[in-house]
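**Q** A single structure is presented below for examination.
There are 2 protein chains.
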Amino acid sequence: MENQHRFCVIMCGGIGSRFWPYSRADRPKQFIDFLGTGRSLLQMSYDRILPLVPKENIIIVTNEAYAPLVREQLPEIADESILLEPARRNTAPCIAWAAYHISARDPQASMIVTPSDHLITNEREFEQSIRRGFEFVETHDALLTLGITPTRPETGYGYIQVGDEVETDINRVKTFTEKPDKELAKVFLESGEFFWNSGIFLWSAKTICNALHEHAPEIAAKFDEGIGVFGTDRETAFIETNFPACLSISIDFAVMEKAHNVCVETVRFGWNDLGTWSALYDMSPKNRDANVTQNCSVLSYNSRGNIFAVRGDKLVVVEGLEDYIVADSGDVLLICPKAEEQRIKQMVNDAKMSFGEKYL
Amino acid sequence: MENQHRFCVIMCGGIGSRFWPYSRADRPKQFIDFLGTGRSLLQMSYDRILPLVPKENIIIVTNEAYAPLVREQLPEIADESILLEPARRNTAPCIAWAAYHISARDPQASMIVTPSDHLITNEREFEQSIRRGFEFVETHDALLTLGITPTRPETGYGYIQVGDEVETDINRVKTFTEKPDKELAKVFLESGEFFWNSGIFLWSAKTICNALHEHAPEIAAKFDEGIGVFGTDRETAFIETNFPACLSISIDFAVMEKAHNVCVETVRFGWNDLGTWSALYDMSPKNRDANVTQNCSVLSYNSRGNIFAVRGDKLVVVEGLEDYIVADSGDVLLICPKAEEQRIKQMVNDAKMSFGEKYL
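So the protein lines, in turn, are chains A and B.
Okay, so the first sequence: first residue is 94 according to our numbering, each after it adds one.
Okay, so the second sequence: first residue is 94 according to our numbering, each after it adds one.
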């Protein structure tokens with residue numbers, strides 16, 4: 094029987110600009126059928142969580158611009174479970190609001206907080222890990238983060254170093270580490286002490302609210318003013334006024350890296366943050382020329398190591414291209430070496446300078 | 094006052110496969126607004142000829158598949174002036190039919206025969222050259238071809254070597270020469286004796302019919318069977334039966350390279366056969382990064398020497414690409430180095446093998 098105190102918060106307010114033009118301001122990455130499975134990344138996140146918490150306890154937090162997309166893609170979610178941010182304020186205010194909202198509905202709640210735009214494989218392992226995590230945070234006053242067992246010396250992720258074991262597969266956190274260079278990443282991998290920081294958290298509503306009071310008191314104070322309005326028809330008006338006044342800060346920086354009751358559950362399911370075209374390329378199945386194809390047909394000649402992400406039923410014919418991104422969203426075509434993908438942000442800015450909002 | 098005996102034959106039955114996918118089987122190059130002027134190459138050919146011959150004397154010869162396109166683009170042309178080939182048989186049968194058709198309408202006719210998919214600049218010079226050519230073929234029993242004054246050692250064109258002068262700017266033809274290599278092309282250019290073979294011809298109907306009898310007797314015999322039907326409502330049925338039985342051969346090979354009464358008018362208007370992407374690139378205005386843009390907006394970074402031919406109001410963003418063709422027709426995207434464009438034919442074949450007619 095399902096535990097009625099378990100909640101899930103799916104965060105889906107990001108704009109995914111690193112995947113422009115495939116990801117667009119009006120339909121970011123999490124709303125796209127990114128892997129050609131017939132379900133968007135958001136829908137896949139929802140499907141994954143459905144066996145774990147009661148459906149009515151799934152909360153979506155997003156920017157108010159994306160309300161129509163959320164309603165279209167997840168018609169099962171009631172309007173009162175869609176929290177619409179009037180401004181982008183990173184993850185700490187987002188999570189704080191969700192925690193206060195859930196506390197008002199159920200003071201005994203425990204919750205998982207998850208991004209909506211990551212890829213997770215081996216869902217059976219995922220389910221077991223999440224159940225284990227819920228059980229832990231329901232019996233310990235701890236902030237639990239999931240650490241993914243690394244499979245390669247990845248330089249694009251943050252790492253968590255484990256400290257003393259608390260229970261099997263659950264340890265105290267010793268350090269959070271930024272993206273390492275290649276050499277250091279190899280050392281991390283070989284040590285067995287370092288795990289990828291997944292950005293997936295579990296805790297009780299009470300524990301996270303206490304942590305916000307202790308480590309992010311300005312944010313907690315804002316939401317404390319709203320006690321009594323969460324879950325009522327006054328919540329929206331309160332948020333419209335108070336949410337934009339919150340500091341824009343990540344939950345890692347605001348709470349996780351400061352708190353002393355942080356634990357990590359080391360997990361073994363497959364995970365990729367789909368943070369860059371190269372990451373997507375690396376995790377995708379490749380054809381015999383090491384090209385990756387998304388949603389299109391490709392005829393390639395003397396071309397290796399490319400990723401083709403083209404919307405619509407389109408044929409791409411390519412000769413003499415190596416290690417490029419070719420992304421076509423219908424009205425924008427991007428051709429860029431994978432090694433230069435950090436320049437895409439600048440390109441988006443330039444497109445804005447030259448053409449206004451048209452191609453964003 | 095216009096000379097009522099002057100006719101024009103515009104040939105527009107080609108499929109333009111070297112410009113695939115921008116040129117497609119259902120809308121080849123000549124029907125496309127190739128230069129972004131608002132008029133297709135066929136329409137530009139028509140506009141150019143309009144001051145030179147009576148409108149009702151302009152004959153279009155095309156494949157029957159393109160009848161709707163011709164009617165759409167040239168609504169001024171009466172149906173009886175659109176000759177629809179039931180099969181592709183190269184230029185000799187095409188020109189023979191037009192010559193017999195015109196002879197039936199006016200035994201004293203003179204005519205210019207012109208492709209529909211070339212670019213001509215300096216139209217005032219063009220008009221003067223064509224008037225001069227008409228006057229010549231109306232007073233001489235000669236087949237006249239236009240030789241373009243070369244401006245560079247082009248290896249992609251055929252050349253005509255001039256012989257003895259007949260009149261100012263009109264000489265006997267000494268040789269027709271195939272595409273030369275670079276060294277030879279330089280010699281040709283410096284000699285002053287060699288001109289580009291434009292594929293534009295002038296002659297009287299009587300002279301070309303005589304030449305067909307002498308040099309292509311099988312073709313002439315076919316059309317001789319139809320004397321009496323040309324210009325009547327029996328012409329279509331006659332052509333349906335007899336045209337496909339003609340040898341497929343070019344007028345150059347069937348007549349021009351054999352006949353002894355061939356002259357060349359050396360002309361000075363600007364001309365490009367738009368035969369290849371590289372030719373189109375070379376003749377097009379370039380931006381400061383030496384890129385050529387057709388019908389689209391481009392943001393380019395570290396990219397030089399490319400040609401972007403993209404239909405629709407599309408933004409192309411490109412990084413680190415040099416000397417490529419990027420052509421997008423909506424449902425097909427081609428990315429290919431200019432130096433490899435001779436491979437496009439193979440790509441079209443491969444697309445047909447894999448996907449049938451869909452992307453042709």
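Built from N, CA and C at the ideal position, the CB exists for glycine as well.
A quick note: this is a predicted structure, and the numbers were derived from the prediction, not measured.
Output, in sequence order along the chain, the residues in the stretch 95–118 of chain A whose CB is closer than 7 angstroms to any CB in chain B.
**A** Flagged: no residues at all.
**Q** Would you list, in chain order, the members of the stretch 420–434 of chain A that have their beta-carbon closer than 7 angstroms to a beta-carbon of chain B?
**A** The stretch 420–434 of chain A vs chain B, Cβ under 7 angstroms: ASP421, ASP424, VAL425, LEU426, LEU427, ILE428, CYS429, PRO430 and GLU433.
**Q** Quick one: list the residues of chain B neighbouring ALA403 of chain A, beta-carbon separation under 9 angstroms, in chain order.
**A** Rather than Ala, the amino acid found at residue 403 of chain A in this sequence is Val. By Cβ distance, chain B contributes LEU426.
**Q** What number of angstroms, rounded off, separates the C-alpha of GLU350 of chain A from the C-alpha of PHE269 of chain A?
**A** Going by the C-alpha atoms only, they are around 7 angstroms apart.
**Q** Using C-beta distances below 6 angstroms, list every residue in its chain close to LEU373 of chain B, excluding the 5 sequence neighbours before and after it, in chain order.
**A** Cβ within range, chain order: LEU367.
**Q** For chain B, find out if any of its Cβ atoms is closer than 7 angstroms to the Cβ of LEU392 of chain A; answer yes or no.
**A** Cβ-Cβ to chain B under 7 angstroms: yes for LEU392 of chain A.
**Q** List the residues of chain B whose Cβ lies closer than 8 angstroms to the Cβ of SER447 of chain A, in chain order.
**A** By Cβ distance, chain B contributes SER390 and LEU392.
**Q** Taking Cβ-Cβ distances shorter than 8 angstroms, what residues in chain A pair up with TYR452 of chain B?
**A** Near TYR452 of chain B (Cβ distances below 8 angstroms), the residues of chain A are LEU408.
**Q** Would you kindly check if the distance between the Cβ of ILE400 of chain B and the Cβ of ILE428 of chain B is under 7 angstroms?
**A** No, the pair does not count as a contact, with Cβ atoms beyond the cut-off.
**Q** Thinking C-beta only, is SER203 of chain A closer than 7 angstroms to PHE227 of chain A?
**A** In contact: PHE227 of chain A and SER203 of chain A (Cβ atoms closer than 7 angstroms).
**Q** Of all Cβ atoms in chain B, is any one closer than 7 angstroms to the Cβ of VAL280 of chain A?
**A** Taking Cβ atoms only, chain B never reaches closer than 7 angstroms to VAL280 of chain A, which makes this a no.
**Q** Run through the stretch 334–385 of chain A for me and flag every whole alpha helix (DSSP H) of 4 or more residues, listed as ranges in chain order.
**A** Qualifying alpha helix (DSSP H) stretches, in chain order: 370–376.
**Q** Within 10 angstroms of the Cβ of LYS451 of chain A, are there 16 or more other Cβ atoms? Answer buried if so, exposed if not.
**A** With fewer than 16 Cβ atoms within 10 Å of its Cβ, LYS451 of chain A is classed as exposed.
**Q** Are SER396 of chain A and VAL385 of chain A touching if we call contact CB-CB under 7 angstroms?
**A** Contact flag unset, no.
**Q** So what does VAL403 of chain B bridge to, in DSSP terms?
**A** For VAL403 of chain B, which the question treats as bridged, DSSP gives the partners B:ASP421.
**Q** Just the chain B side, please: which residues come within less than 7 angstroms of LEU414 of chain A by C-beta, in chain order?
**A** Going along chain B in sequence order, the residues near LEU414 of chain A (Cβ under 7 angstroms) are ILE428.
**Q** Run through the stretch 197–236 of chain A for me and flag every whole alpha helix (DSSP H) of 4 or more residues, listed as ranges in chain order.
**A** Complete alpha helix (DSSP H) runs here, min 4: 216–230.
**Q** Anything in chain B within Cβ reach of ASP443 of chain A, meaning under 9 angstroms, just list it in chain order.
**A** Per Cβ cutoff of 9 angstroms: LEU392, TYR394 and VAL410.
**Q** Under the three-state reduction of DSSP, which class applies to PRO186 of chain A: helix, strand or coil?
**A** If DSSP states are grouped into helix, strand and coil, PRO186 of chain A belongs with the helices.
**Q** Can you give me the Cβ contacts of GLU265 of chain A inside the same chain, cut-off strictly under 7 angstroms, excluding the 5 residues immediately before and after it?
**A** According to the sequence provided, residue 265 of chain A is Arg. The question's Glu does not apply to it. The residues are GLY256, ASP257, VAL259 and CYS356.
**Q** What does DSSP give as the partner residue(s) for THR270 of chain A in the beta ladder?
**A** Note: THR270 of chain A sits in a beta bridge opposite A:TYR252.
**Q** What is the residue span of the alpha helix (DSSP H) that THR155 of chain A lies within?
**A** Segment 151–156 is the beta strand (DSSP E) holding THR155 of chain A; no alpha helix (DSSP H) there.
**Q** Do ASP199 of chain B and LYS122 of chain B have their beta-carbon atoms positioned less than 7 angstroms apart in this structure?
**A** No, these two residues do not count as a Cβ contact at 7 angstroms.
**Q** On the DSSP letters alone, give me the boundaries of the alpha helix (DSSP H) that PHE100 of chain B sits inside.
**A** Not the alpha helix (DSSP H): PHE100 of chain B falls in the beta strand (DSSP E), residues 99–104.
**Q** Would you say MET204 of chain B reaches chain A, if we count a Cβ-Cβ gap shorter than 7 angstroms as a contact?
**A** No - not a single Cβ of chain A is within 7 angstroms of the one on MET204 of chain B.
**Q** Residues in the same chain with beta-carbon distance under 6 angstroms from LEU239 of chain A, minus the five sequence neighbours each way, listed in chain order, please.
**A** Cβ within range, chain order: SER291, ILE293, GLU358 and VAL360.
**Q** For a contact defined as C-beta to C-beta under 8 angstroms, what are the partners of ARG381 of chain A on chain B?
**A** Residues of chain B passing the Cβ test: none, with the nearest at roughly 15 angstroms.
**Q** For CYS339 of chain A versus PRO186 of chain A, is the C-beta spacing smaller than 7 angstroms?
**A** Yes, the pair counts as a contact, with Cβ atoms nearer than the cut-off.
**Q** What residues match up with LEU282 of chain A in a beta bridge as DSSP calls it?
**A** DSSP lists no partner for LEU282 of chain A.
**Q** Just the Cα atoms here: how many angstroms apart are VAL154 of chain A and ASN388 of chain A?
**A** The alpha-carbon atoms of VAL154 of chain A and ASN388 of chain A are separated by roughly 28 angstroms.
**Q** From which residue to which residue does the alpha helix (DSSP H) around ILE320 of chain B run?
**A** Segment: none, ILE320 of chain B is in no alpha helix (DSSP H) and carries neither H nor E.
**Q** What whole-angstrom Cβ distance do GLU412 of chain B and PRO430 of chain A have, given they're in contact under 8 angstroms?
**A** Sure, about 6 angstroms apart at Cβ, within 8 angstroms.
**Q** To the nearest angstrom, how far is it from the Cα of ASP317 of chain B to the Cα of ALA191 of chain B?
**A** Going from the Cα of ASP317 of chain B to the Cα of ALA191 of chain B covers about 13 angstroms.
**Q** So, does the CB of MET376 of chain B fall closer than 7 angstroms to a CB anywhere in chain A?
**A** Answer no: the Cβ-Cβ gap between MET376 of chain B and chain A never drops below 7 angstroms.
**Q** Among A:ASN365, A:ILE142, A:ASP126 and A:LEU176, which one has its Cα closest to the Cα of TRP289 of chain A?
**A** Measuring from the Cα of TRP289 of chain A, the nearest candidate turns out to be A:ASN365.
**Q** Give a yes or no on whether the minimum CB-CB distance between MET349 of chain A and chain B is below 7 angstroms.
**A** Closer than 7 angstroms: no.
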